[in-house]
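Here the structure is laid out as structure tokens; the discussion comes afterwards.
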Amino acid sequence: MANVQGTHSFEDLNDLELAIVLSLTAQQHCIVFADRSTDNLLRELQATIWKRFAVQSATVLCTATTTVDELNESLLVTDDSYERSPSDAGETQSVSQKIELGHAQHEYSGRRHSSSPSNGFDNRTVADIVLARNLDLASESVQVQVLELLRSKRVFTRTAMHTAPDGFIMIAVLSTPGARLTKHLHDVFATSHMHEEMRNGPVRLVVPDALRRASFMQRRDIEQLRSLAATVHMTAEVAAYLHNIVLFMRLSRYITAGVTPTATMHLRCVAHALAPLHGLDYVPPSLVALAARKVYGHRLVLATPQTERSLQWGSDPEAVSRMLEGVTVDDVIDRVLEDTDAPL
């Protein structure tokens with residue numbers, strides 16, 4: 001753990017960079033919301049991936065008319081395994097290719113695009129990181145195809161089957177805060193993040209070369225973080241604390257849905273992935289609480305005056321309505337964490 005911490009100061013990373021590092025470490029998919037413009041958020045994500053990480057990325061711009069074929073084509077990049085150096089990130093401009101596919105656009109950054117092999121075989125693969133903008137606006141058939149990709153790690157085009165690389169993740173940039181995907185697809189995304197843009201617009205920091213070299217993550221660094229996360233220890237007391245959080249979520253009168261078995265699996269996985277980012281080889285209760293905020297933020301469906309469970313036993317609808325007024329998902333998570341006793 002000392003090697004990664006010594007080479008990369010995670011405290012110096014911004015919120016988007018930390019969200020990406022956490023997703024890469026946990027090998028889980030992430031939803032990102034923007035409090036203002038998704039255009040600025042998407043540009044910042046693209047720039048962050050290019051400057052900080054030695055991975056290939058693809059950007060899919062979804063609309064209500066995007067087809068499954070357009071989606072599949074826009075996910076693919078040349079199967080060109082590479083290891084960029086920090087000097088590449090600072091001195092070489094991103095090579096981008098933009099393909100118009102009906103109403104969908106595909107844009108990705110990577111090393112100089114190599115030509116197709118002379119034998120005519122399609123050797124493309126799914127990008128390491130796929131940014132899916134406005135995925136919530138896509139049709140149900142497109143979202144089902146995305147779900148199939150996230151579960152099977154492969155897509156089929158008209159000419160070949162293409163596989164996703166190890167550690168493949170998707171970052172969905174949804175159109176509005178609180179937007180939801182189809183039920184099962186929404187549950188596959190492990191974490192969520194709300195990116196708050198500065199009042200004067202996105203911050204454009206000039207990063208010194210020395211700092212860029214220190215913070216640039218090669219593939220071997222990401223693999224080391226994953227190895228460290230796999231060896232993190234969780235005591236029986238902390239595991240019981242995690243279980244109690246899940247139990248209190250399910251019993252909360254403010255929640256009607258979202259506490260799924262998949263969410264519980266993601267909660268444990270994210271808690272383990274957070275440990276090496278904090279220089280720890282064990283999971284303390286504080287990291288479990290932090291993981292709960294990241295895992296349940298996009299999942300929980302709050303009760304309404306019509307669905308609150310105490311109405312079945314004669315509660316006054318007006319009183320229930322006043323109780324639920326102004327309650328947010330963050331309020332409910334905080335209340336559950338306050339009610340759950342953490343081990344000493």
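Note that UniProt numbering numbers the sequence shown so that position 131 is 131, with each residue one more than the last. A virtual CB, placed ideally from N, CA and C, is assigned to each residue, including glycine. As the structure is a prediction and not an experimental result, all values here were calculated from the model.
Problem - Three CB pairs or more closer than 8 Å across the region 276 to 295 and the region 305 to 320 - result: No, the region 276 to 295 does not touch the region 305 to 320.
Handout entry: Best match in Arg52, Arg158 and Leu251 for proximity to Ser335 [C-alpha to C-alpha]
Key = Counting from 1 along the sequence shown, the entry for residue 335 is found at position 335. Per the sequence shown, residue 335 should be read as Arg rather than Ser. Comparing alpha-carbon positions, the option among Arg52, Arg158 and Leu251 lying closest to Arg335 turns out to be Leu251.
Handout entry: Sub-8 Å separation of Arg124 and Val173 beta-carbons
Key = As a first step, residue 124 is located in the sequence shown; it is residue number 124 there, counting from the start. As a first step, residue 173 is located in the sequence shown; it is residue number 173 there, counting from the start. No, Cβ-Cβ distance for Arg124 and Val173 is not below 8 Å.
Practice task
For Arg322, count neighbouring C-beta atoms within 10 Å of its own C-beta (all shown protein chains included) and say buried if the count is 16 or more, exposed if not.
Solution key: Position 322 of the sequence shown, counted from the start, is the residue given in the question as residue 322. Around the CB of Arg322, fewer than 16 other CB atoms lie within 10 Å, so the residue is classed as exposed.
Exercise for the section: Indicate, with yes or no, if the ligand ATP has a heavy atom lying under 7 Å from the CB of Asp316. Expected result: Among the components modelled here there is no ligand, and therefore nothing to report on the ligand ATP.
Handout entry: Top-ranked residue by Cα proximity to Thr159, from Asp122, Asp35 and Glu44
Key = Mapped onto the sequence shown, residue 159 falls at position 159. Nearest C-alpha to Thr159: Asp122.
Exercise for the section: Sort Thr191, Gln46 and Leu337 by Cα distance to Val130 and report the nearest one. Expected result: For this step, residue 130 is matched to residue 130 along the sequence shown. The option with the nearest alpha carbon to Val130 is Gln46.
Handout entry: Under 8 Å between C-beta atoms of Ala291 and Val270
Key = Within the sequence shown, numbered from 1, the residue matching residue 291 stands at position 291. Within the sequence shown, numbered from 1, the residue matching residue 270 stands at position 270. Yes, Cβ-Cβ distance for Ala291 and Val270 is below 8 Å.
Exercise for the section: Counting only the same chain and skipping the five closest in sequence on each side, list residues whose C-beta sits under 7 Å from that of Phe168. Expected result: Position 168 of the sequence shown, counting from 1, holds the residue named residue 168. Around Phe168: Val126, Asp128 and Lys153.
Handout entry: Per DSSP, the bridge partner or partners of Tyr282
Key = By 1-based counting over the sequence shown, the position of residue 282 is 282. By DSSP's assignment, Tyr282 forms a beta bridge with His233.
Practice task
Starting from the C-beta of Leu137, find all residues in its chain whose C-beta is less than 8 Å away, skip the five residues before and the five after it, and write them out in chain order.
Solution key: In the sequence shown, residue 137 corresponds to position 137, counting from 1. Once the five neighbours on either side are set aside, the close Cβ partners of Leu137 are Cys62, Thr63, Ala64 and Ser175.
Practice task
Go to Ser141, then tell me how far its alpha helix (DSSP H) extends in each direction, as first and last residue.
Solution key: Residue numbering aside, residue 141 sits at position 141 when the sequence shown is read from its first letter. Glu140 to Ser152 is the extent of the alpha helix (DSSP H) around Ser141.
Handout entry: Residues near Pro117 by beta carbon distance below 7 Å, same chain, minus five either side
Key = Locating residue 117 in the sequence shown gives position 117, where the first residue counts as 1. Reliability of the predicted coordinates at Pro117 is poor, the pLDDT of 46 falling under 50, and the value obtained from them is presented with this limitation in mind. Correct list, in chain order: Asn123.
Practice task
Identify, in the order they occur along the chain, each residue of the same chain with its Cβ nearer than 6 Å to the Cβ of Thr157, setting aside the five sequence neighbours on each side.
Solution key: In the sequence shown, counting from the first residue as 1, residue 157 sits at position 157. Answer for Thr157: Asn72, listed in chain order.
Exercise for the section: Indicate whether at least one CB of chain B lies closer than 8 Å to the CB of Leu277. Expected result: The question asks about chain B, but that chain is absent: this structure has only one protein chain.
Problem - Straight-line Cα distance separating Arg268 from Leu247 - result: Walking along the sequence shown from the start, residue 247 turns up at place 247. Walking along the sequence shown from the start, residue 268 turns up at place 268. Rounded to whole angstroms, Leu247 to Arg268 spans 14 Å at the Cα level.
Handout entry: Buried versus exposed call for Tyr241 [16 or more other C-beta atoms within 10 Å across all chains shown]
Key = For the purposes of this step, residue 241 is identified with residue 241 of the sequence shown, where counting begins at 1. The residue in question, Tyr241, is buried, as its Cβ has 16 or more Cβ neighbours within 10 Å.
Handout entry: Selection from Val144, Ile20 and Val32 that minimises the alpha carbon distance to Thr48
Key = To locate residue 48, count along the sequence shown from 1; it is residue 48. Comparing alpha carbon positions, the residue from Val144, Ile20 and Val32 closest to Thr48 is Ile20.
Exercise for the section: Helix, strand or coil for Ala132, going by three-state DSSP, please let me know. Expected result: Residue 132 sits at position 132 when you count from the first residue of the sequence shown. In the structure shown, Ala132 sits in a strand (DSSP, three-state: E or B).
Practice task
Kindly give me the distance between the Cβ atoms of His272 and Val283, rounded to whole angstroms, as I take these residues to be in contact under 8 Å.
Solution key: In the sequence shown, counting from the first residue as 1, residue 272 sits at position 272. In the sequence shown, counting from the first residue as 1, residue 283 sits at position 283. Contact between His272 and Val283 holds, with the beta-carbon distance rounding to 6 Å and staying under 8 Å.
Practice task
Would you mind stating whether Thr25 and Arg226 have Cβ atoms separated by less than 8 Å?
Solution key: Here residue 25 refers to the residue found at position 25 when the sequence shown is read from its first residue. Here residue 226 refers to the residue found at position 226 when the sequence shown is read from its first residue. For Thr25 and Arg226, yes; Cβs fall inside 8 Å.
Exercise for the section: Would you identify the three-state DSSP class for Cys30, choosing helix, strand or coil? Expected result: Residue numbering aside, residue 30 sits at position 30 when the sequence shown is read from its first letter. In this structure, DSSP gives Cys30 an extended state, which the three-state scheme calls strand.
Problem - For Met194: DSSP bridge partner residues - result: The residue labelled residue 194 in the question sits at position 194 within the sequence shown. Under DSSP, the beta-bridge partners assigned to Met194 are Phe33.
Problem - Bridge partners - Phe156, DSSP secondary structure assignment - result: Numbered from 1 along the sequence shown, position 156 holds the residue referred to as residue 156. Looking at the DSSP assignment, Phe156 forms a beta bridge with Met161.
Exercise for the section: Use the C-beta contact count for Gln306: other C-beta atoms within 10 angstroms, 16 or more gives buried, fewer gives exposed. Expected result: As a working mapping, residue 306 is identified with position 306 in the sequence shown. Gln306 comes out exposed.
Practice task
Leaving out five residues on either side along the sequence, give the residues of the same chain with a beta carbon under 6 Å from the beta carbon of Met234.
Solution key: Numbered from its first residue, the sequence shown carries residue 234 at position 234. Val283, listed in sequence order.
Problem - Start and end residues, beta strand (DSSP E) containing Val60 - result: Within the sequence shown, the letter at position 60 stands for residue 60. That run of the beta strand (DSSP E) goes Ser57 to Leu61.
Exercise for the section: Note the first and the last residue of the continuous alpha helix (DSSP H) segment covering Arg268. Expected result: Counted from its first residue, the sequence shown places residue 268 at position 268. Its alpha helix (DSSP H) spans residues Pro261 to Leu277.
Handout entry: Integer-rounded CB distance, given that Asp330 should sit under 8 Å from Ala263
Key = Here the question's residue 263 lines up with position 263 in the sequence shown. Here the question's residue 330 lines up with position 330 in the sequence shown. Wrong, their Cβ atoms sit about 16 Å apart, outside the cutoff.
Practice task
Could you please give the first and the last residue of the uninterrupted alpha helix (DSSP H) stretch that includes Met323?
Solution key: To locate residue 323, count along the sequence shown from 1; it is residue 323. In this chain, the alpha helix (DSSP H) harbouring Met323 covers Pro317 to Leu324.
Handout entry: Assigned secondary structure, Val21 (DSSP; H/G/I helix, E/B strand, else coil)
Key = Numbered from its first residue, the sequence shown carries residue 21 at position 21. Under the three-state reduction of DSSP output, Val21 falls in the helix class.
Handout entry: Residue from Met249, Leu147, Glu17 and Val232 whose Cα sits closest to the Cα of Asp339
Key = The sequence position of residue 339 within the sequence shown is 339, counting from 1. The candidate whose alpha carbon is nearest that of Asp339 is Met249.
Exercise for the section: Could you give the DSSP three-state label for Val327: helix, strand or coil? Expected result: Residue mapping note: residue 327 aligns to position 327 of the sequence shown, counting from 1. Three-state result, Val327: coil.
Exercise for the section: Out of Met217, Pro261 and Leu280, point me to the one whose CA is closest to Thr231's CA. Expected result: Here the question's residue 231 lines up with position 231 in the sequence shown. Put simply, of Met217, Pro261 and Leu280 the residue whose alpha carbon is nearest the alpha carbon of Thr231 is Leu280.
Exercise for the section: Identify which residue in Arg299, Ser286 and Arg43 has its Cα closest to the Cα of Ala342. Expected result: The residue labelled residue 342 in the question sits at position 342 within the sequence shown. The residue with the shortest Cα to Cα distance from Ala342 is Ser286.
Handout entry: Rounded separation between Ser310 and Thr304 - CA only
Key = Position 310 of the sequence shown, counted from the start, is the residue given in the question as residue 310. Position 304 of the sequence shown, counted from the start, is the residue given in the question as residue 304. Computed Cα separation, rounded: 11 Å.
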